[in-house]
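**Student:**
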Amino acid sequence: MRRNYIFILFFLVFGSIYMVGQDIDSTSTQKVVVDSLGDFQLNDTIPPVQDSIPLPPFRKPANVKFSADAPQTEIVYGATDKKWFDLDSNLVHLYGNAFVEYGTLKLKAGYIVFDFKNNIATAEGVLDSAGNEAQRPTFVDGDSEFSYNKLRYNFQTQKGFVYNTYTQEGDLYVQGAQTKFVSADSDSTMQYDQIFNKNAIITSCNLDHPHFGIRAQKLKVVPEQLAVLGPARLEIADIPTPLILPFGFFPLVQGKSSGLIFPDNYEYSPQWGFGLQNIGYYFAINDYIDMKVTGDIYLRGSYGVGLETSYTKRYKYRGGLNVSYASRLNEISGEVDPTRDNSFKIQWNHNQDAKAHPYFKIGGSVNMEFGGFTQQNNPSFAAQSRTTQRSNVNLSHSLPGTPFSASASFNHSQNLRTGDITMTFPNLQLRMNQIYPFKKKKTSGKAKWYESITLNYSSEAKNYVKANDSTFFTNQTLADLEYGVKHTASSNTSFKFLKYFNFNPSVNYNETWYFRRNQSTLLNELVLDSTQVEVSPDGTIIYDIDTTYGRRLDTIVTAFTPYRNFSASASISTTIFGTKKFSRGKLRGLRHVIKPSISLNYQPNNRDNYIEFVDSDYRGGIYNAVDEYSIFPSGVFGTPSLNSEGNFNMSYRFKNDVEAKYMSRQDSTLKKMKIFTNWNFSGSYNMLADSFQLSPIAFSTGNTSFLKGIINLGFNMRFDPYQINDNRQRLQEFQFSKNNSPLRFDQMNLTLTTRFTVKKIRELLAGSLKSEEEVVDERNQEEEGGRGEGNERGARNGRGERGGSANKLEKQETFLDLFNDFSISHSFRYTGMDMGSRDTFFISTNTVSLRGNVKLSENWSIRVGNFGYDLKNKGFTYPDFGFERNLHCWEMSFSWQPRFGTYSFFIGVSSNTLNFIKTNYNKNVGDAQFGR
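For the sequence shown, numbering that gives the first Met the number 0 gives the first residue as 0, with consecutive numbering after it.
1. Name the two residues that bound the continuous alpha helix (DSSP H) containing residue 738.
2. Is residue 369 buried or exposed, if buried means 16 or more other CB atoms sit within 10 Å of its CB?
3. Would you tell me roughly how many angstroms separate the C-alpha atoms of residue 601 and residue 687, rounded to the nearest one?
4. Report all residues from its chain with a CB closer than 6 Å to the CB of residue 552; omit the five preceding and five following residues, and keep chain order.
5. So residue 166 and residue 145 are in contact, right, with Cβ under 8 Å, and what is the actual spacing, rounded?
6. Rounded to the nearest angstrom, what separates residue 556 and residue 429 at their Cα positions?
7. To the nearest angstrom, how far is the alpha carbon of residue 241 from that of residue 233?
8. With residue 384 as the anchor, note down where its beta strand (DSSP E) starts and where it stops.
9. Which same chain residues end up closer than 6 Å to residue 427 when comparing Cβ atoms and leaving out the 5 residues on each side of it in sequence?
10. Report yes or no: do the stretch 282-295 and the stretch 329-349 share at least 3 C-beta pairs separated by less than 8 Å?
11. Since I believe residue 864 is in contact with residue 879 (beta carbons under 8 Å), could you give me their beta-carbon distance rounded to a whole number of angstroms?
12. Is it buried or exposed for residue 546, if we count other Cβ within 10 angstroms and need 16 for buried?
13. Where does residue 270 land, buried or exposed, given buried means 16+ other C-beta within 10 angstroms?
14. Decide if the stretch 643-658 is in contact with the stretch 681-695; the criterion is three or more beta carbon pairs, one per stretch, under 8 Å apart.
15. Using a Cβ-Cβ cut-off of 7 Å, state whether residue 150 counts as contacting chain C.
16. Using DSSP with H/G/I as helix, E/B as strand and the rest coil, what is residue 762?
17. To which residues does DSSP link residue 361 through a beta bridge?
18. Output the boundary residues of the beta strand (DSSP E) element that contains residue 306.
19. Whole-angstrom Cβ separation of residue 529 and residue 541, contact assumed at under 8 Å?
20. Quick one: Cα of residue 403 to Cα of residue 431, how far?
21. Compare the Cα-Cα distances from residue 654 to each of 637, 922, 150, 675 and report the closest residue.
22. Using only the heavy atoms of the ligand FMN, determine whether one of them is closer than 6 Å to the beta carbon of residue 685.
23. Residues in its own chain within less than 6 Å of residue 922 by CB, not counting five upstream and five downstream?
24. How is residue 936 classed by DSSP in three states: helix, strand or coil?
25. State the beta-bridge partners of residue 486 as determined by DSSP.
26. Could you spell out where the alpha helix (DSSP H) holding residue 376 opens and where it closes?
27. If we ignore side chains and look at the alpha-carbon of each, how far apart do residue 641 and residue 628 end up?
28. Name the DSSP bridge partner or partners of residue 557?
29. List in chain order: all unbroken beta strand (DSSP E) runs of 3+ residues lying wholly within the stretch 160-225.
30. Does the Cβ of residue 212 have 16 or more other Cβ atoms within 10 Å, making it buried, or fewer, making it exposed?
31. Do you know how far the Cα of residue 149 is from the Cα of residue 159?
32. Do residue 456 and residue 488 have their CB atoms nearer than 7 Å?
33. Assuming contact is defined by CB atoms lying nearer than 7 Å, are residue 95 and residue 80 in contact in what I supplied?
34. Entirely within the stretch 896-926 and at least 3 residues each: give me those beta strand (DSSP E) ranges in chain order.
35. Opposite residue 716 in the DSSP bridges: which residues?
36. Secondary structure at residue 271, three-state DSSP: helix, strand or coil?
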């Protein structure tokens, strides 16, 4: 039916013109134009006269019936050069950017001829002034586009013949030397249009002369459906290869469609044998969810299975699930039986759209693995250097109309080196927003001090388990499960007094519910513990026997055991400013801000409520010594702190900040600069303690940044008023009694971290040597000069290419830009401590690393995943290198990890449809670990 529209289009347009007999040339009204084909066109010398009476709009007569094949939409046609007619041969000609448009059907060509006698349309290109082919015929039908050198189409039989067709279907290009087109309307048994090609090539290269392709003598294409070919051979650079396909089919359906997944890698491993990676099937379930099932198969018994699915619903949510299982059979040198290593990984993520629900939210990610999945299957630096993996999923509801909000979460942390897993699930929380119980609903005048009193409450219930990934899915994990509930309530207020001081009192109450407790009993058993002392001359062995009258049995029983704790605190703080101004010079002022604070903390004695006793000798009397123990085991909220003496602690803290004000050379304005921030002195004194009432005095600087954040300096030092022994244990003797010094140096840490990119260093140097205006002006001048020279040379060669001088100038301007993303990191840590008889200072960390990408050209790039050196341990830290090469329709890459001895070389087609055309040579983790 579509091809009928084209026939009607030509008939109505050119047939009506044929009845008129001639057309007026738009460029002249008096000249006789001779066409290159030998025909003449006579221009009318009488100019047309426009009617002064406008015609009324066309209305369909009630008694007139139009044909069902009549056009249903507007017909647009034309040509930029000429339109002329051959009356003798019944031909109409369109020359120069000729086009015809009807709905979604568009025909464009340099030259179009329609034969009314045989109902045949012919379209072909023209030659430009340089003799190159231009305005190649193009036919567009919806999303499908066909390009060719010459077209002949019969509107009566609805069949066409095309020479040198160029068709694009998805990411594939089909080129045919001779092509026959058959419309679905020409045969009632056909559902789709069909294209038959002879001597065709299928490729993903978009050049007229492709770099590679699959050459087939016979090819059938059903547009937007399928391409089927007979015996075919792979050609690379017009050279036939011995890779022959007896048959083949390529789906051309746009959008999602279920189908087989060809393996994306063919690998030979000396350890696992020949294998196929990621072979499987794709399921296009619906518009909201899809699924992919893939597997790895090796001839020596190793295999892997993976399931990946993604789902999305607009304005609601999106997410995905990835589950992978790998089983590797490894042969160890010197052992008869091979070993099988199984590993497993699960990843899930879910993100809710912000507009999905006003009160309810759910989202997060799960990242778990077992059996060292990453270390066994991924040799990259990023994978091998990662030591921790975490998961976090949150569900929350704001409970509108109440001051409360509720949430539930899943939290997981895993050490990839040791395999230890800690998991909290579920973690239920109920929080109350801060309220002011004494605040008046209607305020008038100044608020009373008690109106600022606040009340806070929260509760938390959670399950907690810690296990190893090798035993995680066993009954022992459930037996080790810990659970509990914690309630926290607090009240505080804040107000000023004496104009400059802030007073902040607060009270806190905590209650924790444990559901297990410790229980110890003494069993009436006689225990003999013998130890060999010596051997007599006659060979008799002499033992020393230690007799214990009773054996202690410690168990954990299920019982509701609450722990309650109360504390109160009050703090006073103020701010002191010290300012020094200068009227001359670059430095115009200094300001020192001191924020002193003193706080009192009180906690009553709670030890006697949670301590029980057990006998140590069943004989009793003078032989028995009573042992005490805490009834609380290590629970989900930790082990409660039992204070036998109570706590009445006074603590102090001095926070210091120093800023400078200077005159800027760039804009002659005053600017601020922080010299140091968060320099703190702190300590405490416990009035109720019977020993060690004074705490160490700590000094810390936090992180101080220099050179716009490139260098970060951290420093902390601690002084102790008490002496220590050689084992660094504190003694109940003041340091002053030893050497008349009130404080003893205890320990210190100096941390220096440097991280910068080449781009940041260039910007820093440019800003320090030149003003920003000068740098911008120079860049603009260079860019204008570069563009002028490039355009001039581009106009000379006629191809828009810049000459050699322009390329050289561009290289000079952008050479350092190649390294803009390169980052250099240095980590240094210097530690010192008092060992009792001497002070010890040492470097605990000193490493430097380099990573980044260098794009040498548009097609070449070098990757440095990591290149580091440990200056302390004298060794490299997992180097990882690689490069990539864009070969237009192919791509090539290489990666190498010398520490493991793993590497990978890949070259293949960049198209997703033809990605099975590739080769990959590598040495995987299994081969490196077992010396293959």
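Cβ coordinates follow ideal geometry from the N, Cα and C atoms, glycine included. Note that this is a predicted model, so its numbers are computed, not measured.
**Tutor:** So, from the data block:
1. The continuous alpha helix (DSSP H) containing residue 738 extends over residues 735-738.
2. So residue 369 counts as buried.
3. Going from the Cα of residue 601 to the Cα of residue 687 covers about 10 Å.
4. Only 520, 522 meet the Cβ criterion.
5. For a cut-off of 8 Å, the C-beta gap from residue 166 to residue 145 is around 5 Å, short enough to register as a contact.
6. Near 29 Å, if we compare the C-alpha coordinates of residue 429 and residue 556.
7. One C-alpha to the other measures close to 8 Å.
8. Counted as a single uninterrupted DSSP element, the stretch harbouring residue 384 is not any beta strand (DSSP E) but the alpha helix (DSSP H) occupying residues 380-384.
9. 407, 460.
10. As far as the Cβ criterion goes, the stretch 282-295 does not touch the stretch 329-349, which means the pair count is below three.
11. About 3 Å; that satisfies the 8 Å criterion.
12. Classification of residue 546: exposed, given that the 10 Å Cβ count is below 16.
13. Residue 270 comes out buried.
14. Touching, per the Cβ criterion.
15. Judged by its chain identifiers, the structure shown contains no chain C, having just a single protein chain.
16. Helix at residue 762.
17. For residue 361, which the question treats as bridged, DSSP gives the partners 394.
18. Secondary structure note for residue 306: its beta strand (DSSP E) is the uninterrupted segment 302-312.
19. Contact flag wrong, Cβ pair sits at about 10 Å.
20. Looking at the backbone, the Cα of residue 403 and that of residue 431 are separated by about 4 Å.
21. Residue 654 has its Cα closest to that of 675, out of 637, 922, 150, 675.
22. Absence of the ligand FMN from the depicted structure is noted, as is the absence of any ligand whatsoever, leaving it without description.
23. Correct list, in chain order: 901, 902.
24. As displayed, the chain neither begins before 0 nor continues past 931, which places residue 936 out of reach and without an answer.
25. DSSP lists 458, 510 as the beta-bridge partner residues of residue 486.
26. The continuous alpha helix (DSSP H) containing residue 376 extends over residues 372-376.
27. Those two C-alpha atoms are separated by around 11 Å.
28. BP columns for residue 557 point to 515.
29. As far as the stretch 160-225 is concerned, its whole beta strand (DSSP E) runs of at least 3 residues are 171-181, 193-202, 211-221.
30. In this structure residue 212 is buried. Its beta-carbon is surrounded by 16 or more other beta-carbon atoms within 10 angstroms.
31. Those two C-alpha atoms are separated by around 11 Å.
32. The answer is yes: Cβ separation under 7 Å.
33. Contact: yes.
34. Fully enclosed beta strand (DSSP E) runs of 3 or longer: 901-908, 917-922.
35. In the DSSP assignment, residue 716 forms a beta bridge with 698, 747.
36. Looking at residue 271 - three-state DSSP - the assignment turns out to be coil, as it is neither helix nor strand.
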